[in-house]
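Heads up: the sequence lines are chains A and B, in that order. Number 1265 marks the last residue of the first sequence (this note's numbering); no jumps. Number 575 marks the last residue of the second sequence (this note's numbering); no jumps. Glycine included, each C-beta is placed from N, C-alpha and C at the ideal position. Okay, so here's the structure we're looking at.
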Amino acid sequence: MANSEPKSRRAFLKGAVATGGALAATSAARAQETPDPLITEVQPWASELGDGVDETPYGLPIHFESDVIRRNVPWLTADAISSVNFTPIHALDGTITPQGCAFERHHSGAIELAKPDYRLMINGLVDQPLVFTYEDLERFPRINRVFFCECAANTGMEWAGAQLNGAQFTHGMIHNMEYSGVPLRTLLEEAGVKPEGKWIYVEGADASSNGRSIPLEKALDDVLVAFKANGEALRKEQGYPVRLVVPGWEGNMWIKWLRRIEVLEGPVESREETSKYTDTLADGTSRKWTWVMDAKSVVTSPSPQAPITHGPGPLVITGLAWSGRGAISRVDVSKDGGKTWETARLANPGEPMALSRFYLDTTWDGKEMLLQARAMDETGYVQPTKAALREVRGENSIYHNNCIQTWWVKETGEAENVEVS
Amino acid sequence: MSKYRKLLIAGTILAASVTTPVLAEKLGLGRAALPDEIAAWNLDVSPGGAGLPDGSGSVTDGEEIFSERCAACHGEFAEGVGNWPKLAGGEGTLANKDPLKTVGSYWPYLSTVWDYVHRSMPFGEAQSLEPDQVYAITAYILYSNYLVDEDFVLSKDNFLDVGMLNADGFIVDHRETAEAHFWDAPCMEDCKNDVKITMHASVLDVTPDTVDDAIPAAAEAVPAAAPAEATDASQMAAADVIVTEVDPEVVAAGEKVFKKCKACHQIGDGAENKVGPELNGVVGRAAASIEGFKYSKPMIAAGEEGLVWTDETLTEYLADPRKFIKGTKMTFGGLKKAEDLHAIIAYLASVGS
Chain A
845 MANSEPKSRR AFLKGAVATG GALAATSAAR AQETPDPLIT EVQPWASELG DGVDETPYGL
905 PIHFESDVIR RNVPWLTADA ISSVNFTPIH ALDGTITPQG CAFERHHSGA IELAKPDYRL
965 MINGLVDQPL VFTYEDLERF PRINRVFFCE CAANTGMEWA GAQLNGAQFT HGMIHNMEYS
1025 GVPLRTLLEE AGVKPEGKWI YVEGADASSN GRSIPLEKAL DDVLVAFKAN GEALRKEQGY
1085 PVRLVVPGWE GNMWIKWLRR IEVLEGPVES REETSKYTDT LADGTSRKWT WVMDAKSVVT
1145 SPSPQAPITH GPGPLVITGL AWSGRGAISR VDVSKDGGKT WETARLANPG EPMALSRFYL
1205 DTTWDGKEML LQARAMDETG YVQPTKAALR EVRGENSIYH NNCIQTWWVK ETGEAENVEV
1265 S
Chain B
223 MSKYRKLLIA GTILAASVTT PVLAEKLGLG RAALPDEIAA WNLDVSPGGA GLPDGSGSVT
283 DGEEIFSERC AACHGEFAEG VGNWPKLAGG EGTLANKDPL KTVGSYWPYL STVWDYVHRS
343 MPFGEAQSLE PDQVYAITAY ILYSNYLVDE DFVLSKDNFL DVGMLNADGF IVDHRETAEA
403 HFWDAPCMED CKNDVKITMH ASVLDVTPDT VDDAIPAAAE AVPAAAPAEA TDASQMAAAD
463 VIVTEVDPEV VAAGEKVFKK CKACHQIGDG AENKVGPELN GVVGRAAASI EGFKYSKPMI
523 AAGEEGLVWT DETLTEYLAD PRKFIKGTKM TFGGLKKAED LHAIIAYLAS VGS
């Protein structure tokens, strides 16, 4: 067992440096002096039997991957109940976030609400106020869509300077799932919106209620009342049994444990849309209704939690890009802190308001790099530098920090979160 | 070849059928919401006052209620405790490097205060305040921010007369004009002459230590099927003892009841004092005996008089904290059900003693 446990990162790194130094500068594969016992000797797993089919009726990742978990930053919030943790984006690939490690943000804790106890009310400026059960919702025609959900505070700790050393912590308040649900439009039409209705107000069944106002135009456009994510029921911490999906808009509006939709003439100006989730500019005035998440990207590997462990030679630089305004059209990568850029390869054509995975297949010369990624979306928006953002917004916005991130990759392969001139 | 064509045709049909369903008419699902149901949930209050119920509350009453129900987290003067939100102060700081955003300095609408206190506070006991209490608390928060006098009484009638300092401090999102240059074509070469590192995250050193230390610990995490506390042999032994003494179902029920307490109290491995003292081994320990926790004077006095937390004393205290110890800092309203009291004490006795 002992030799199958993952080594510490530090041990990996030491190995990497040694290997790197000994590596001959040829294009041939490494020479092997002695036969590899993993090949020449019969290993236990090649001889004995593995687990039977019902060993884990609902499986978790194999224990070798047990470091790929959500983590929080305890000093950020007063306690763990009204708090946030972070998706381990540094260790994932592709674009779909498994629910089990998708970041959580609760305002009064993750509640347990059973399907039989679930009620959804539509009231306010409608022809007929309605109450739906969970079963009712499953009888409406439903659709499947993939969207990212990003907390408005993602990267918020970095406004005043480089703070947190890891992509998980700087950019991990994001997940991307395939939702199955009913278009909100369908439910609103079932109740019949009166002509004077211009906004909806949505709230959850938890103690915080976390109510938010949304313009009717958006509500009728692409908002979903979702009950499945990645094919299975929403996890408790993602709002089981029903959450709102508000494509491209800040995560706080994606009401979990959705219990009520009220049609109104104007916004409620709730706590979550006045005292929080508003962006204070340098002169002290604050922007409100900053719902759309700007185009953004980050290199997930190499990064502080995912150092280069293999020495010079072929290197895959990879990361994520997304935009609340539409599809990602291009991602550029710089290795020199933004002096020169090369265009990375998108793993798939960009999808509107969903994560895109990019790769730059390159050769590392073993020298230090100042790695950056820069996203562009289909509207032509280009992810700005931190300096460009600060010039417009100052340093007090807290929310909506979509700046270009810099990782200083050292000759050892280790990486650090830095700011550059 | 023909097979390939069939596949192509199938693909075309598939692509054409991927559309959003369009409903010609209503499905008649759901049922009419009853007036009492709407009244129970339709609690939001808008800036113009729509949604405010009848009622009133004074600064004086508010001070008392705030002290009992809110001050444990927000401080006696709404100044905030630890990381919990400060509700007062910060006037004139919004353009500073670290602005202090409070009800007084930042919130543009009074309706938001009333609405939030009414629906979402106190933390862990939401929707337990009557409208008059909410008016009183709101009045006290205003007073704490020097926005009203000490003899002020807030009601539905004078609600809109209160002036909020930052009422004009907000503009609607104007990124598309103020940041129009973010749509300019990006530079690809010779974008700047010189690049220097100006700041390192490692200098601040505020990142949770996961890279080296937490990973081996995480790797040792036990499979989900095993109890989480089974990582340590001594704890496993303790757990075994408990199983023989008390009904594990009662302990499990008590753990659920403890959710009401979690906002302020920690228990178990690594439990620390928070708003309330840590509760490891609380059953059997003397009142006010955790070093470093700032107890209320009445609680300290009770401890000095020999109060020990037993089944009996805890049952009485948790049923009505402020009746049992008048002046306790604990803002909890009390457990009404005998089975909840029994369960939570069984749970407290089972953990970390």
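CB-CB length for residue i against residue j, believed under 8 Å
i, j, result
"Trp1166(A)", "Ser1145(A)", "Rounded, the Cβ-Cβ distance is 17 Å, inconsistent with contact."
"Phe947(A)", "Thr931(A)", "4 Å"
"Thr334(B)", "Thr1118(A)", "5 Å"
"Gly391(B)", "Leu316(B)", "7 Å"
"Val473(B)", "Ser572(B)", "5 Å"
"Pro1148(A)", "Asn1245(A)", "Contact flag wrong, Cβ pair sits at about 18 Å."
"Asp923(A)", "Lys414(B)", "Going by Cβ atoms, the distance from Asp923(A) to Lys414(B) rounds to 44 Å, so no, they are not a contact pair."
"Leu834(A)", "Ile966(A)", "Only positions 845 to 1265 of chain A appear in this structure, which leaves residue 834(A) out of reach."
"Cys486(B)", "Ala294(B)", "7 Å"
Sequence-distant residues of its chain with Cβ nearer than 8 Å to residue i (five each side left out)
i, result
"Arg507(B)", "Val530, Trp531"
"Arg1189(A)", "Phe1202, Tyr1203, Leu1204, Asp1205"
"Gly1210(A)", "Gly864, Gly1155, Pro1156, Glu1255"
"Glu1022(A)", "Ile940, Asn988, Arg989, Val990, Ala1073, Asn1074, Gly1075"
"Gly585(B)", "Residue 585(B) is absent from the structure shown; chain B starts at 223 and stops at 575."
For residue i: DSSP bridge partner residues
i, result
"Trp1166(A)", "Lys1140(A)"
"Val912(A)", "Bridge partners of Val912(A): none, in fact."
"Pro1059(A)", "Trp1043(A)"
"Lys1072(A)", "Ser1024(A), Ala1077(A)"
"Asp427(B)", "According to DSSP, Asp427(B) bridges with nothing at all."
"His1019(A)", "Cys993(A)"
"Asp1123(A)", "Arg1131(A)"
"Leu376(B)", "Gly279(B)"
"Trp1093(A)", "Val1136(A)"
"Tyr1203(A)", "Thr1162(A), Arg1189(A)"
"Asn967(A)", "Glu1106(A)"
"Thr977(A)", "Arg963(A)"
"Glu1263(A)", "Met421(B)"
"Arg1174(A)", "Met1220(A)"
Sequence-distant residues of the same chain with beta carbon closer than 7 Å to residue i, five excluded per side
i, result
"Ser518(B)", "Gly549, Thr550, Lys551"
"Ala358(B)", "Gly279, Ser280, Asp283, Gly284, Ile287"
"Pro543(B)", "Thr550, Met552, Phe554, Gly556"
"Leu563(B)", "Thr537, Leu540, Ala541, Leu557"
"Ala568(B)", "Val468, Val472, Val473, Gly476"
"Ser342(B)", "Ala348"
"Cys945(A)", "Val912, Ile913, Arg914, Thr931, Pro932"
"Glu298(B)", "Ser289"
"Leu1159(A)", "Ile1152, Thr1206, Thr1207, Trp1208"
"Phe381(B)", "Gly271, Leu274, Leu332"
"Ala1231(A)", "none"
"Ser268(B)", "Ser333"
"Ser511(B)", "Gly525"
"Asp337(B)", "Asp266, Val267"
Neighbourhood of residue i by C-beta distance below 6 Å, restricted to the same chain and skipping five residues each side
i, result
"Cys993(A)", "His1019, Gly1095, Trp1098"
"Glu1268(A)", "Lying outside 845 to 1265, the shown extent of chain A, residue 1268(A) is not represented and no answer is given."
"Ser377(B)", "Ser278"
"Lys802(A)", "There is no way to answer for residue 802(A), as the model of chain A reaches only from 845 to 1265."
"Val1226(A)", "Met1220"
"Ala1011(A)", "Ile933, His934, Val1142, Thr1144, Ser1147"
"Asn1192(A)", "none"
Would the stretch 905-923 of chain A and the stretch 1041-1056 of chain A be scored as touching if the rule is three or more Cβ pairs under 8 Å?
Taking a contact to require three or more Cβ pairs closer than 8 Å, the stretch 905-923 of chain A and the stretch 1041-1056 of chain A do not qualify as touching.
Q. Between the stretch 1123-1130 of chain A and the stretch 964-984 of chain A, do at least 3 Cβ pairs fall closer than 8 Å?
A. no
Exercise for review: Please determine if the stretch 1233-1243 of chain A and the stretch 999-1014 of chain A are in contact, where contact requires at least 3 C-beta pairs separated by less than 8 Å.
Suggested key: yes
Q. For the 8 Å Cβ check, are there 3 or more pairs between the stretch 294-309 of chain B and the stretch 317-328 of chain B?
A. yes
Okay, do the stretch 1033-1042 of chain A and the stretch 1068-1084 of chain A touch, 3+ Cβ pairs below 8 Å being the bar?
no
*asked:* Please give the ranges of any alpha helix (DSSP H) in the stretch 1208-1256 of chain A, keeping only runs that are unbroken, at least 4 residues long and fully inside the region.
replied: Within the stretch 1208-1256 of chain A, the complete alpha helix (DSSP H) runs of at least 4 residues are 1230-1237.
| request: Report yes or no: do the stretch 1178-1192 of chain A and the stretch 1211-1219 of chain A share at least 3 C-beta pairs separated by less than 8 Å? | output: yes
Discussion item. For the pair the stretch 243-259 of chain B and the stretch 345-352 of chain B, tell me if three or more CB-CB distances fall below 8 Å.
Written reply: no
**Item:** Segment contact flag, the stretch 1106-1120 of chain A with the stretch 257-275 of chain B, C-beta cutoff 8 Å, min 3 pairs
**Value:** yes
| said: Could you tell me which whole beta strand (DSSP E) segments of length 3 or greater appear in the stretch 363-423 of chain B? | reply: When DSSP assignments are scanned along the stretch 363-423 of chain B, the uninterrupted stretches of beta strand (DSSP E) that are 3 or more residues long and fall wholly within it turn out to be 375-377, 392-394, 419-422.
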